[in-house]
Amino acid sequence: MKDRVVITGIGAVTPIGIDRDQFWKNAVAGLSGIRPIQAFDTTEFEIHHGGEILNFNNQSYENRLPGLGRAALLGLVSSEEAVKDAGWSDAELARLNPGVVMGTTMGE
Numbered sequence: 000m001k002d003r004v005v006i007t008g009i010g011a012v013t014p015i016g017i018d019r020d021q022f023w024k025n026a027v028a029g030l031s032g033i034r035p036i037q038a039f040d041t042t043e044f045e046i047h048h049g050g051e052i053l054n055f056n057n058q059s060y061e062n063r064l065p066g067l068g069r070a071a072l073l074g075l076v077s078s079e080e081a082v083k084d085a086g087w088s089d090a091e092l093a094r095l096n097p098g099v100v101m102g103t104t105m106g107e
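What follows is the structure, encoded as structure tokens:
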């Protein structure tokens, strides 16, 4: 029997949606998340637009896991969402020992 890959859950934290459904709706609608950068002053840079994740409330995660950087928090949120989307309990998650594929740019 050959190894198989099965996608069981999806989590998304993107410039066009903070969850799977919002992301998909906006992607299908052709929404772009590229806009003027707000997180820092871009005056000294050639590029002034980017795909920032806005309106993300990470306070509850920062309280639970202090010291994590923003990229780690975003990864955590999307991972928890994927587990929830898959419908796995903590016991199933421990038993299955699943793999994770995650994409990011330049996190900490």
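When we follow numbering that gives the first Met the number 0, the leftmost residue of the sequence shown carries the number 0, and every step to the right adds one. Yeah, the Cβ is synthetic: ideal placement off N, Cα and C, and Gly gets one too. As the structure is a prediction and not an experimental result, all values here were calculated from the model.
Run through the DSSP bridge pairs and tell me what His48 is partnered with. Stepping through the sequence shown from its first residue, residue 48 is reached at position 49. Pro35.
Three-state secondary structure (DSSP) of Gly16: In the sequence shown, the residue the question calls residue 16 occupies position 17. Gly16: strand per DSSP, three-state reduction.
Just verifying my parser: in three-state terms, what is the DSSP assignment at Val27? In the sequence shown, the residue the question calls residue 27 occupies position 28. Helix at Val27.
Write down the C-beta distance between Ile52 and Pro14 rounded to the nearest angstrom, noting that I regard them as a contact closer than 8 Å. As a first step, residue 52 is located in the sequence shown; it is residue number 53 there, counting from the start. As a first step, residue 14 is located in the sequence shown; it is residue number 15 there, counting from the start. Their Cβ separation, rounded to whole angstroms, is 6 Å, which keeps Ile52 and Pro14 in contact under 8 Å.
Presumed contact (8 Å Cβ cut-off) between Asp18 and Glu80, rounded CB distance: Translated into positions along the sequence shown, residue 18 becomes position 19. Translated into positions along the sequence shown, residue 80 becomes position 81. That pair is a contact at about 6 Å.
Identify whether Lys1 lies in helix, strand or coil by the three-state DSSP scheme. Along the sequence shown, read from residue 1 onward, the residue named residue 1 stands at position 2. Of the three classes helix, strand and coil, the one that applies to Lys1 here is coil, per DSSP.
Measuring CA to CA, which of Asn96, Lys83, Tyr60 is closest to Gly73? Along the sequence shown, read from residue 1 onward, the residue named residue 73 stands at position 74. Looking at the sequence itself, residue 73 is Leu, so the reference to Gly does not match. Of the listed residues, the one whose Cα sits closest to Leu73 is Tyr60.
Alpha carbon of Ala90 to alpha carbon of Val82, nearest angstrom: By one-based count along the sequence shown, residue 90 stands at place 91. By one-based count along the sequence shown, residue 82 stands at place 83. C-alpha separation (whole angstroms): 12 Å.
Below 8 Å on the Cβ atoms is my guess for Gly10 versus Ser78; work out the distance and round it to an integer in Å. Reading the sequence shown from its first residue, position 11 is the one you call residue 10. Reading the sequence shown from its first residue, position 79 is the one you call residue 78. Contact holds; Cβ gap of about 6 Å.
Terminal residues of the alpha helix (DSSP H) in which Ala93 lies: Within the sequence shown, numbered from 1, the residue matching residue 93 stands at position 94. Residues 89-95.
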